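Position 708, counted from 1, in the sequence shown is what numbering that gives the first Met the number 0 calls 707; the numbers after and before it change by one each time, with no gaps.
In this text, a Cβ means the ideal position worked out from N, Cα and C, and glycines have one as well.
A quick note: this is a predicted structure, and the numbers were derived from the prediction, not measured.
Some notes on the structure that comes next.
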Amino acid sequence: MSKPRSVVSAFLLLCLSSPVVAQAIPTPKEHLGFRPGDDYRLAQWEQVVDYFRKVDAVSDRVLIEELGATTLGRPYIVAVVSSPENMAKLDAIRAGQRRTADPRLPGEPNLAVPIVLITCSIHSSETASTLMAVDLLHQLAVGTDAATKEILDNTILLLVPSANPDGVDIVAQWYEKTKGRPWEGSGLPELYHPIAGHDTNRDWFMLNLQETRLLTRFLYDRWFPTITYDVHQMGSRGARMFVPPFFDPVNPNLDPRLSQSIALIGAHMALDLAKAGKRGVLTNAMYDNWWNGGNRTVPQRHNMVGLLTEAASVRLASPIFLEASDLRGEARGFANHKPTVNFVDPWPGGWWRLRDIVEYELICSRAVLTLAARYRSEFQKNYRDMAGTAIEKGKTEPPYGWIVPADQRDPGATERMLRALMATGIEIHRSPEPIELAGMRYPAGSWILPAAQPYRSHLKDMMERQEYPTRFGPDGNAEPPYDVAGWTMPLKMGVRAATLTRPLAVPGKPLETIEIAGTIVDAPGKSKHSDSDVFTFNADTVDGVRLLNRLHPPGQRVASMREVVLRSRPAARVEGRRGPTNEIEIDATPANETFLRELLEQLAVRVTRRDKGESASSKVLRAAPRVGLYHSHVPSMDEGWTRFVLEEHGFVPMRITNTDVRAGRLVDRIDVLVIASMSSDAIANGQGRDRTAPEFVGGLGADAVLALRDFVTAGGTLICLENSCKFAIDRFGLPVESVLDRLESKVFYCPGSILRAEATRLPCSFAVDPALGMPDEFSVYFDRSLAFESKSDLVVSHARYAKVNPLESGWLLGSSKLEGKSALVSVAFGQGRIVLFGFPPQHRGQTHGTYPLLFRAILQESF
0 MSKPRSVVSA
10 FLLLCLSSPV
20 VAQAIPTPKE
30 HLGFRPGDDY
40 RLAQWEQVVD
50 YFRKVDAVSD
60 RVLIEELGAT
70 TLGRPYIVAV
80 VSSPENMAKL
90 DAIRAGQRRT
100 ADPRLPGEPN
110 LAVPIVLITC
120 SIHSSETAST
130 LMAVDLLHQL
140 AVGTDAATKE
150 ILDNTILLLV
160 PSANPDGVDI
170 VAQWYEKTKG
180 RPWEGSGLPE
190 LYHPIAGHDT
200 NRDWFMLNLQ
210 ETRLLTRFLY
220 DRWFPTITYD
230 VHQMGSRGAR
240 MFVPPFFDPV
250 NPNLDPRLSQ
260 SIALIGAHMA
270 LDLAKAGKRG
280 VLTNAMYDNW
290 WNGGNRTVPQ
300 RHNMVGLLTE
310 AASVRLASPI
320 FLEASDLRGE
330 ARGFANHKPT
340 VNFVDPWPGG
350 WWRLRDIVEY
360 ELICSRAVLT
370 LAARYRSEFQ
380 KNYRDMAGTA
390 IEKGKTEPPY
400 GWIVPADQRD
410 PGATERMLRA
420 LMATGIEIHR
430 SPEPIELAGM
440 RYPAGSWILP
450 AAQPYRSHLK
460 DMMERQEYPT
470 RFGPDGNAEP
480 PYDVAGWTMP
490 LKMGVRAATL
500 TRPLAVPGKP
510 LETIEIAGTI
520 VDAPGKSKHS
530 DSDVFTFNAD
540 TVDGVRLLNR
550 LHPPGQRVAS
560 MREVVLRSRP
570 AARVEGRRGP
580 TNEIEIDATP
590 ANETFLRELL
600 EQLAVRVTRR
610 DKGESASSKV
620 LRAAPRVGLY
630 HSHVPSMDEG
640 WTRFVLEEHG
650 FVPMRITNTD
660 VRAGRLVDRI
670 DVLVIASMSS
680 DAIANGQGRD
690 RTAPEFVGGL
700 GADAVLALRD
710 FVTAGGTLIC
720 LENSCKFAID
730 RFGLPVESVL
740 DRLESKVFYC
750 PGSILRAEAT
760 RLPCSFAVDP
770 ALGMPDEFSV
780 YFDRSLAFES
790 KSDLVVSHAR
800 YAKVNPLESG
810 WLLGSSKLEG
820 KSALVSVAFG
830 QGRIVLFGFP
840 PQHRGQTHGT
850 YPLLFRAILQ
860 ESF
């Protein structure tokens, strides 16, 4: 942990608190050219990193760690900040902290020095916190006052100036272009994270993004912080600052000590804000602790005191003026802007500036650090004891854990799920022998996830089915949860898992890695190999599609090896599922075998060697479809996730803009166009004038809609996901009704939940059914999504929501309005077809169980 210093620097470091050394550290204003929070000024990421490194170079209170590169290649940094005495023994403190997080480990825990993580600007349009981090670093690096010394002597701060550095630059560069324009501070025409946009804070258990992977490793493999504080901003017209405690409901897997610790720190924040004359502080409203998946909620399931604050926003860096009549509540626990027990001192209105946000956030950050310093032993003991309680409950209370059977329908999805769990600190074992449990037999090689481990809360929250409590607001309508109501990981990923209802001996040590290697096996009864043999594999799995796209690159007729000629053939039905029906066949030449074995080192696919005589009904695949993905200047997270999922599985989607559509003859460029979930208005009309730069105004418009109709009529396939289905239904005049649209939430409501769906049995066909190869029943994610009824024989239903009790995890109000309705339909249109997904099959890169439906809809013209 030490860093090289010059002789002169080493001498200066002996007396850091002296004015000489303090002068060696530039103030933020001297470095940036403006005070953090000044009107109309934002910093570029390079400026922030340079400042942190300048402080690191001359301060023995600060050490910069670079965790790796971001999605776009920028450095992801963390500042470790503490007293020189603590900095000299960081390795020992960190080793002790690991033992605090897991009391089973031998040696002395760290019960003296809490470790506090503060993360900033994961949402890059919430610009203040990165600037606040610059100010906070300077204060702690040069401060000689008693309050600063108390923090440095008794805590270790891990300061992340941005959890989304790419977005810092995307937003700052756009803001500079908007200044002085009617759209100043608004109208960004792209996502501020190139994949996820605002969903950067929805990826903390799935770990799709580079940034979440980097920080997750830092948390659960390296530092194990006691307290985590995620700094955010919210809308402009409500409270000036939300601080904990959080609103109802409470997740039952959270330890009461954790919830009370959150309330304690929130009260300290509120008091310090009041002492500083900062008004408009709201508590116990709006934000709940039910959902698991954010940068504060996942740490909470790891016995870390996870905090969130939300400050009122400005227009990026431009000040706003609000009259008292502009201010309102209209949120859970915050009906209006009048004084209440959780909103004791309303802000009266006036100018609200970026510097105001910086000051509120600085007060809250120092409040966390001060309280951690003063109650250091209590926080550390609670951290250790919560882990101990989790381990003991896992031994004495059901569920005792979970078994993930080795014989999964989709090994690739299984591998992805287990890897994500392991990366978040979950211990996983593998049984060398078959397991007999409750009359069921699980094959050798099945995985065991015991509940008797420190992060039991996270494991339970991932594996259990959620039961969100029914809640109504004052108007009688359903009260929306903060984010989603259900997220059960095996259901979303199409992975079978069995709950341990009694203790089970756990074999050996926890695994260090999860690897499910692909294999080539002989068909049953096959004893000889010949030149006429073929290799076959199932392309209805996530890695099966990856393999197909490696062998059959999109837009090309053959792969890079001449020997690879792909054929597709139907297979016999297997009881309980509709396939495997997308079976791919390759000649078993030595060259093909070598190529396959190389690919199977990274893909969990079972390839079977068969006699060619079994493949008489096979047909040579046509060229892989050329895929387009619609890109609007209204930033769409669902578009970002769709691109991510397609590219992860070997597709090469072409970005299709409004201009591309208007130009016509799309059929010459692409075979399939995917429109991610967007509102009809966003697709048709886009951003309005005075909301963004002129080149980004508008949507498809009438001419482009006609061009889309020409594309489908000429033989193209249009795939619409969730809300974009309404655009296709309206603009194409489809004989399909979206039946849930006009229902009040007191009648029907289903926010972010998992529902059971049923594949509609159709005659076997290569070309017309996206649900071929799916199980008879499977789980879909439903997030205020759609259900359809047909008005014509031209409409084919491929999947329906279950006819009885479709809810599997989360909250469903008014089940009868949904039961038996179509979830996935297609409509013939001219020579082409339109496929409508009422649910998001690729939601946030998490729903691997329904990926094959989307892939099949794209690939269907190949078969």
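Span of the alpha helix (DSSP H) around residue i
{"i": "Y864", "result": "Here the chain covers residues 0 to 862 and nothing more, so residue 864 does not appear."}
{"i": "H30", "result": "27 to 31"}
{"i": "P164", "result": "164 to 177"}
{"i": "F710", "result": "700 to 712"}
{"i": "N153", "result": "145 to 153"}
{"i": "I513", "result": "Here I513 belongs to no alpha helix (DSSP H), and DSSP marks it neither H nor E."}
Within 7 Å, strictly: CB atoms of residue i and residue j
{"i": "N863", "j": "K88", "result": "The question about residue 863 has no answer here: the residues shown for the chain are numbered 0 through 862."}
{"i": "T846", "j": "Y780", "result": "yes"}
{"i": "V80", "j": "R60", "result": "yes"}
{"i": "T540", "j": "T607", "result": "no"}
{"i": "T199", "j": "N252", "result": "no"}
{"i": "E584", "j": "R568", "result": "yes"}
{"i": "P102", "j": "G387", "result": "yes"}
{"i": "P113", "j": "A371", "result": "yes"}
{"i": "P553", "j": "V666", "result": "no"}
{"i": "G809", "j": "A284", "result": "no"}
{"i": "G649", "j": "N804", "result": "no"}
{"i": "R755", "j": "E818", "result": "no"}
{"i": "F245", "j": "Y286", "result": "yes"}
{"i": "N537", "j": "E582", "result": "yes"}
{"i": "G663", "j": "Q830", "result": "no"}
DSSP three-state assignment for residue i, whether helix, strand or coil
{"i": "N288", "result": "strand"}
{"i": "K802", "result": "coil"}
{"i": "G387", "result": "helix"}
{"i": "Y629", "result": "strand"}
{"i": "L11", "result": "Its pLDDT being 39, under 50, L11 is placed unreliably by the model, and nothing is read from it."}
{"i": "C719", "result": "strand"}
{"i": "V779", "result": "strand"}
{"i": "F594", "result": "helix"}
{"i": "N302", "result": "coil"}
{"i": "D247", "result": "strand"}
{"i": "Y748", "result": "strand"}
{"i": "G848", "result": "helix"}
{"i": "K790", "result": "coil"}
{"i": "W446", "result": "strand"}
{"i": "T70", "result": "coil"}
{"i": "Q859", "result": "helix"}
{"i": "R331", "result": "coil"}
{"i": "F854", "result": "helix"}
{"i": "N476", "result": "coil"}
{"i": "Y481", "result": "coil"}
Alpha-carbon spacing of residue i relative to residue j, whole angstroms
{"i": "L368", "j": "L156", "result": "8 Å"}
{"i": "L213", "j": "G67", "result": "7 Å"}
{"i": "T512", "j": "Q138", "result": "42 Å"}
{"i": "P734", "j": "V794", "result": "7 Å"}
{"i": "M233", "j": "E309", "result": "6 Å"}
{"i": "F217", "j": "R470", "result": "37 Å"}
{"i": "V520", "j": "R52", "result": "55 Å"}
{"i": "P35", "j": "L853", "result": "46 Å"}
{"i": "T69", "j": "Y75", "result": "6 Å"}
{"i": "C719", "j": "D637", "result": "12 Å"}
{"i": "A703", "j": "T658", "result": "8 Å"}
{"i": "F765", "j": "P624", "result": "Confidence at F765 is low in this model, with a pLDDT of 38, below 50, so the placement of that residue should be treated as unreliable; the coordinate-derived value is given next. C-alpha separation (whole angstroms): 15 Å."}
Bridge partners - residue i, DSSP secondary structure assignment
{"i": "G349", "result": "L321"}
{"i": "G831", "result": "F828"}
{"i": "I261", "result": "Paired residues: none, contrary to the question."}
{"i": "V280", "result": "M240"}
Element boundaries [beta strand (DSSP E), containing residue i]
{"i": "D229", "result": "226 to 233"}
{"i": "R606", "result": "Looking at the sequence itself, residue 606 is Val, so the reference to Arg does not match. Run containing V606: 605 to 609, per the beta strand (DSSP E) assignment."}
The ligand PLP heavy atom lying under 6 Å from the CB of residue i
{"i": "A538", "result": "In the structure shown, the ligand PLP is absent, as is every other ligand, since no ligand is present at all."}
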